[in-house]
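Student: Below you will find the structure I want to go over with you.
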Amino acid sequence: MGMRSGCRGTSTARAMGRARPASALVVMLVLVLTGAILPAGLATAQTAGPDAPRGLEVFSRQEDRGIRVTLSWNLEPGCSAYKVYRSDRADGEYTYIGGVSAETMGDFPFFLDNSVTPGALYCYKVSALDAEWREGQLSIPVRARVAPVRRAAAVRKSMMVSLADQRLYCFEDGVVVNILRVSTGAGGATPTGRYSISQHAGTVWVTGLRCDYWMVWKPNYGMHSWPWWPDGYRDYETSVGVRPRSHGCIRVHPLEASWPYYWAPDGTPLTIVSHSLGKLPLQGAGCSSGATAPSKTWYFAEGYIEAEFIEYLLLFNPGTTPVNALTTYYPEGHPRVVESYYLPPGSRQTVNVNNVGNLPQSYGHAIKIEADGPIVAQQSEFYNCANRRGGDLATGVTAPSRTWYFAEGFTGAHFSTYLLLFNPGAKQNHVKVNYLVNGGTPYLHEFDMAAESRGTTLVDALPGLDDKEVSMSVDSQYPLVAERAEYFAWPGHVNGVNGGDLSMGLTAPSKQWFLAEGCTGHFFDEYILVNNPGPDVASLDVQFLTAGGPVNHVFAAPPLSRITICVDSIPGLEDADTGAIINSDREVVVERAMYLTRDSRRGGHVNAGVTDPSKDWYFAEGFTGGTFDEYILVMNPNDNAAFVNLLFHLENGSDVGAGYAVPARGRITVHVDEIPGVEWTGSAVELHSDIPVVAEQAEYFCMPR
1 MGMRSGCRGT STARAMGRAR PASALVVMLV LVLTGAILPA GLATAQTAGP
51 DAPRGLEVFS RQEDRGIRVT LSWNLEPGCS AYKVYRSDRA DGEYTYIGGV
101 SAETMGDFPF FLDNSVTPGA LYCYKVSALD AEWREGQLSI PVRARVAPVR
151 RAAAVRKSMM VSLADQRLYC FEDGVVVNIL RVSTGAGGAT PTGRYSISQH
201 AGTVWVTGLR CDYWMVWKPN YGMHSWPWWP DGYRDYETSV GVRPRSHGCI
251 RVHPLEASWP YYWAPDGTPL TIVSHSLGKL PLQGAGCSSG ATAPSKTWYF
301 AEGYIEAEFI EYLLLFNPGT TPVNALTTYY PEGHPRVVES YYLPPGSRQT
351 VNVNNVGNLP QSYGHAIKIE ADGPIVAQQS EFYNCANRRG GDLATGVTAP
401 SRTWYFAEGF TGAHFSTYLL LFNPGAKQNH VKVNYLVNGG TPYLHEFDMA
451 AESRGTTLVD ALPGLDDKEV SMSVDSQYPL VAERAEYFAW PGHVNGVNGG
501 DLSMGLTAPS KQWFLAEGCT GHFFDEYILV NNPGPDVASL DVQFLTAGGP
551 VNHVFAAPPL SRITICVDSI PGLEDADTGA IINSDREVVV ERAMYLTRDS
601 RRGGHVNAGV TDPSKDWYFA EGFTGGTFDE YILVMNPNDN AAFVNLLFHL
651 ENGSDVGAGY AVPARGRITV HVDEIPGVEW TGSAVELHSD IPVVAEQAEY
701 FCMPR
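In the working numbering, the protein residues as written are 1 to 705.
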């Protein structure tokens with residue numbers, strides 16, 4: 001992992017935003033701010049300032065349908081704030097509609113335009129302001145078509161202010177839709193309790209200072225913009241969201257105060273609490289290979305639930321008869337918990353593991369599924385792990401093994417690597433884990449596992465393994481199941497990368513590996529990890545399958561070592577969507593890591609390679625709602641074109657099909673959200689091809705809470 005710093009892509013957009021905005025029953029008009037009512041220093045002209053923000057995109061969320069447009073863009077280093085402009089045509093006159101500070105965008109990477117008309121087409125541009133509030137050039141425009149109808153049901157709006165967080169949380173139907181930084185009363189002058197907005201008073205003068213967007217929530221108390229001092233006093237940048245500075249009111253950043261003012265009508269509940277709410281969104285990515293066939297038995301070594309750790313088990317019955325899936329949870333140090341799930345034909349069941357009765361929280365657990373018919377099982381997790389907010393995705397395995405291999409592993413910086421082992425057998429199991437350290441001495445860890453138990457090893461805590469690149473091999477007396485989890489806050493990128501990843505182990509090395517997913521541009525960084533567990537140097541011939549044709553490169557993996565291939569640094573692959581075929585003269589183990597620096601999905605994922613293409617692939621997971629984007633990546637390693645059919649089994653019981661041609665020695669990216677009928681829903685998917693191909697599934701998300 002130390003080899004990874006400084007290697008990043010620089011282009012501007014993988015198709016991850018969709019133009020399809022949303023709903024509510026009342027369309028709020030947003031006041032167009034002008035320099036005349038902005039505090040001194042905010043009425044900016046477009047002079048020499050920061051570069052235009054990159055990655056401006058429109059999000060398509062069902063909760064926005066017909067009522068708002070949701071935008072996001074990447075934060076630029078050194079910028080203090082952003083201003084948003086709108087027009088009814090790309091080459092028209094753009095009008096300022098609102099702004100947001102950089103710190104607020106760092107908390108909640110969305111700008112919400114509530115002043116839209118159902119069915120209208122809008123174009124948006126964004127500019128950046130530096131520390132002196134000099135405004136830079138406008139970005140290239142993006143278009144957003146507002147849905148012609150609003151979502152069916154009115155929403156319940158509410159607000160909460162956390163004195164500990166110095167944040168205002170805005171809710172619709174109990175889900176956070178916006179987070180704004182505030183500054184409350186110094187010395188505890190802001191009273192806690194339950195209140196409501198009683199009046200929108202506009203501009204109020206207090207001791208000679210003008211306070212805009214004043215909302216009364218208690219007699220003599222308001223929520224309002226940071227006061228305007230005639231001499232241009234601008235202490236809000238060091239106070240809002242940082243420390244209480246008011247006399248008891250709730251002060252909002254001057255660029256952001258108009259948003260709650262026009263969003264919250266009179267009567268909106270406001271609750272003020274002293275404790276932290278910790279409601280920052282969970283954002284990141286997950287990726288997994290599919291299953292090549294359904295099975296009656298599935299295993300997972302990973303599993304964890306608590307307030308900040310949400311786990312789902314996805315079960316898919318692709319058959320024509322009902323299936324009962326007997327599911328046993330094995331929590332560490334606690335009795336087993338057993339539940340049974342009924343799966344109708346062609347259906348997908350989502351199990352919220354946090355709601356499983358009697359399953360203890362804050363303890364790791366393993367899972368064994370025994371079904372009376374063939375099914376497919378995947379697992380997804382979303383979490384805030386010590387301020388590392390992200391998620392992951394994994395497909396289960398159908399049988400334990402006495403050997404497991406992992407090419408990836410890092411314990412430096414703010415990375416935590418965990419090895420999760422599950423012994424499903426009835427006997428005590430002696431386990432040997434060999435850690436190969438790049439540039440260091442291998443470390444052998446031996447221990448016994450009790451029968452039917454799950455164990456967790458924090459690799460960082462083992463002797464001599466802190467701040468190391470490692471690969472792992474597991475040998476056990478009896479078959480077991482092995483997974484690896486990583487949680488990271490990697491400062492090697494602009495604004496950092498924060499999140500986690502999860503991957504099943506591989507049961508054996510191989511001389512050939514296939515990777516369907518891969519991207520080096522559009523805020524992505526890609527790495528291929530190769531573990532050579534043998535005593536001889538391995539010569540690797542890697543063929544990258546790109547839109548411009550195959551690109552070949554040769555690498556060498558020393559014996560008993562792990563190498564990291566930074567794909568972004570390979571000439572011709574600096575900005576490419578690519579699959580990869582790895583051929584080696586020695587048996588090796590291959591995984592791929594990808595990190596995404598897009599602020600709306602900042603995170604990463606790791607997935608193991610596969611050794612055998614297949615005509616059939618199955619995925620139990622799939623979701624296109626909210627800010628989720630789902631992709632199916634298909635690589636054709638053959639010399640002839642492949643014809644692929646996808647069949648999506650939706651949560652409402654209906655099916656949707658789609659067909660694609662995959663060129664010889666090529667790959668395609670299927671953006672599931674754009675398939676008619678599969679928008680805003682959960683689904684399972686089966687893929688069938690006329691010749692063997694390789695398929696992976698990737699999901700990118702930012703989950704408000």
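Just so it is clear, CB atoms sit at the ideal spot from N, CA and C, and this is done for glycine as well.
Fair warning: this is a prediction, and the values are worked out from it, not measured in the lab.
In three-state terms, what does DSSP make of residue 162?
Tutor: As a working mapping, residue 162 is identified with position 162 in the sequence shown. Of the three classes helix, strand and coil, the one that applies to residue 162 here is strand, per DSSP.
Student: In the DSSP output, which residue or residues are listed as bridge partners for residue 105?
Tutor: As a first step, residue 105 is located in the sequence shown; it is residue number 105 there, counting from the start. Residue 105 is not bridged to any residue.
Student: Based on the DSSP secondary-structure assignment, which residues constitute the bridge partners of residue 642?
Tutor: Position 642 of the sequence shown holds residue 642. Answer by DSSP bridge pairing, in chain order: 662.
Student: Starting from residue 237, trace the alpha helix (DSSP H) both ways and give me its first and last residue.
Tutor: If you number the sequence shown from 1, residue 237 lands on position 237. Residue 237 -> alpha helix (DSSP H) spans 236-239.
Student: Contact between the segment 55-64 and the segment 618-636 is defined here as three or more beta-carbon pairs at a separation below 8 Å; is this criterion met?
Tutor: Flag = yes, the segment 55-64 and the segment 618-636 touch.
Student: Per DSSP, residue 592 forms a beta bridge with which residues?
Tutor: Here residue 592 refers to the residue found at position 592 when the sequence shown is read from its first residue. Residue 592 is bridged to 528 and 607.
Student: What residue from 453, 449 and 432 has the CA that sits closest to residue 335's CA?
Tutor: Position 335 of the sequence shown holds residue 335. That would be 453, whose Cα lies nearest to the Cα of residue 335.
Student: So, is residue 362 buried or exposed, given that buried needs 16 or more other C-beta atoms within 10 angstroms?
Tutor: The residue labelled residue 362 in the question sits at position 362 within the sequence shown. Exposed: under 16 other Cβ atoms inside 10 Å.
Student: Could you spell out the range, first to last residue, of the alpha helix (DSSP H) harbouring residue 228?
Tutor: Counting from one through the sequence shown, the residue named residue 228 turns up at place 228. Looking at the DSSP string, residue 228 is not in any alpha helix (DSSP H), and its letter there is neither H nor E.
Student: Judging by CA-CA distance, which residue of 546, 570 and 111 is the nearest neighbour of residue 554?
Tutor: Mapped onto the sequence shown, residue 554 falls at position 554. Answer by Cα proximity: 570.
Student: Report the three-state DSSP secondary structure of residue 261 (helix, strand or coil).
Tutor: Here residue 261 corresponds to residue number 261 of the sequence shown, with the count starting at 1. Looking at residue 261 - three-state DSSP - the assignment turns out to be helix.
Student: Excluding the 5 residues preceding and the 5 following residue 351 in the sequence, name in chain order all residues of the same chain whose CB lies nearer than 6 Å to its CB.
Tutor: Mapped onto the sequence shown, residue 351 falls at position 351. So the list reads 313, once near-sequence residues are dropped.
Student: Roughly how many angstroms separate the alpha carbons of residue 274 and residue 193, rounded to a whole number?
Tutor: Numbered from its first residue, the sequence shown carries residue 274 at position 274. Numbered from its first residue, the sequence shown carries residue 193 at position 193. If you take the alpha carbons of residue 274 and residue 193, they lie about 9 Å apart.
Student: Would you call the CB atoms of residue 585 and residue 641 closer than 9 Å?
Tutor: On the sequence shown, position 585 is the one that residue 585 refers to. On the sequence shown, position 641 is the one that residue 641 refers to. Going by C-beta atoms, residue 585 is not nearer than 9 Å to residue 641.
Student: Applying the 10 Å Cβ sphere with the 16-neighbour rule, what's the burial state of residue 522?
Tutor: Indexing the sequence shown from 1 puts residue 522 at position 522. With 16 or more other Cβ atoms within 10 Å, it is buried.
Student: Where are the beta strand (DSSP E) runs, 3 residues long or more, that stay fully inside the segment 157-204, in chain order?
Tutor: Segments of the beta strand (DSSP E) lying fully in the segment 157-204: 157-162, 167-172, 175-183 and 193-196.
Student: Starting from residue 490 and walking both ways along the beta strand (DSSP E), at which residues does that stretch end?
Tutor: Numbered from 1 along the sequence shown, position 490 holds the residue referred to as residue 490. Run containing residue 490: 470-490, per the beta strand (DSSP E) assignment.
Student: Leaving aside the five residues before and after residue 608 along the sequence, list all residues of the same chain whose C-beta is less than 6 Å from its C-beta, in chain order.
Tutor: Against the sequence shown, residue 608 aligns to sequence position 608. Correct list, in chain order: 503, 506 and 591.
Student: Going along the chain, which residues of its own chain have a beta-carbon closer than 8 Å to the beta-carbon of residue 236, five neighbours each way excluded?
Tutor: Position 236 of the sequence shown, counting from 1, holds the residue named residue 236. So the list reads 183, 226, 251, 253 and 254, once near-sequence residues are dropped.
Student: Give the DSSP-derived three-state secondary structure of residue 601 in the structure shown.
Tutor: Locating residue 601 in the sequence shown gives position 601, counting from the first residue. The answer is helix: DSSP assigns residue 601 an H, G or I state.
Student: Of all the CB atoms in chain C, is at least one closer than 9 Å to the CB of residue 58?
Tutor: You won't find chain C in this structure, because it holds only one protein chain.
Student: Can you check which of these residues, 564, 278 and 678, is closest to residue 589 by C-alpha distance?
Tutor: One-based indexing of the sequence shown puts residue 589 at position 589. It is 564 whose Cα lies nearest to the Cα of residue 589.
Student: Identify whether residue 568 lies in helix, strand or coil by the three-state DSSP scheme.
Tutor: Locating residue 568 in the sequence shown gives position 568, counting from the first residue. Residue 568 falls in the helix class under three-state DSSP.
Student: Using the rule of at least 16 other Cβ atoms within 10 Å of the residue's Cβ for burial, across every protein chain shown, is residue 604 buried or exposed?
Tutor: What you label residue 604 is simply residue 604 of the sequence shown in a count that begins at 1. Classification for residue 604: buried.
Student: Which partner residues of residue 382 appear in the DSSP bridge assignment?
Tutor: On the sequence shown, residue 382 is found 382 positions in, with the first residue counted as 1. Per DSSP, 310 and 391.
Student: Using DSSP with H/G/I as helix, E/B as strand and the rest coil, what is residue 317?
Tutor: In the sequence shown, the residue the question calls residue 317 occupies position 317. Strand, per DSSP.
Student: For residue 88 and residue 158, I'd like the C-alpha separation in whole angstroms.
Tutor: For the purposes of this step, residue 88 is identified with residue 88 of the sequence shown, where counting begins at 1. For the purposes of this step, residue 158 is identified with residue 158 of the sequence shown, where counting begins at 1. Residue 88 and residue 158: Cα-Cα distance of roughly 31 Å.
Student: Could you tell me the boundaries of the beta strand (DSSP E) in which residue 122 lies?
Tutor: For this step, residue 122 is matched to residue 122 along the sequence shown. Segment 121-130, the beta strand (DSSP E) holding residue 122.
Student: In whole angstroms, give me the CA-to-CA distance for residue 429 and residue 475.
Tutor: Along the sequence shown, read from residue 1 onward, the residue named residue 429 stands at position 429. Along the sequence shown, read from residue 1 onward, the residue named residue 475 stands at position 475. If you take the alpha carbons of residue 429 and residue 475, they lie about 10 Å apart.
Student: Would you report the Cα separation of residue 618 and residue 397, rounded to the nearest angstrom?
Tutor: Position 618 of the sequence shown holds residue 618. Position 397 of the sequence shown holds residue 397. For residue 618 and residue 397, the distance between alpha carbons rounds to 13 Å.
Student: What do you reckon, are the CB atoms on residue 560 and residue 444 nearer than 9 Å?
Tutor: Here residue 560 corresponds to residue number 560 of the sequence shown, with the count starting at 1. Here residue 444 corresponds to residue number 444 of the sequence shown, with the count starting at 1. Not closer than 9 Å, so no.
Student: Return yes when the Cβ of residue 633 is within less than 9 Å of the Cβ of residue 667, no when it is not.
Tutor: Counting from one through the sequence shown, the residue named residue 667 turns up at place 667. Counting from one through the sequence shown, the residue named residue 633 turns up at place 633. A contact, by the Cβ cut-off of 9 Å.
Student: Between the Cα of residue 223 and those of 317, 272, 689 and 299, spot the shortest distance and give me the residue it belongs to.
Tutor: Taking the first residue of the sequence shown as 1, we reach residue 223 at position 223. Residue 272 is the option with its Cα nearest to residue 223.
Student: Quick one: Cα of residue 263 to Cα of residue 213, how far?
Tutor: Within the sequence shown, numbered from 1, the residue matching residue 263 stands at position 263. Within the sequence shown, numbered from 1, the residue matching residue 213 stands at position 213. If you take the alpha carbons of residue 263 and residue 213, they lie about 12 Å apart.
Student: Alpha carbons only, please: which of 610, 154 and 597 is nearest the one belonging to residue 583?
Tutor: Along the sequence shown, read from residue 1 onward, the residue named residue 583 stands at position 583. With distances taken between Cα atoms, residue 583 lies closest to 610.
Student: Hey, how far is the Cα of residue 280 from the Cα of residue 260?
Tutor: Taking the sequence shown and counting its residues from 1, the one referred to as residue 280 is at position 280. Taking the sequence shown and counting its residues from 1, the one referred to as residue 260 is at position 260. Straight-line Cα distance between these residues: approximately 18 Å.
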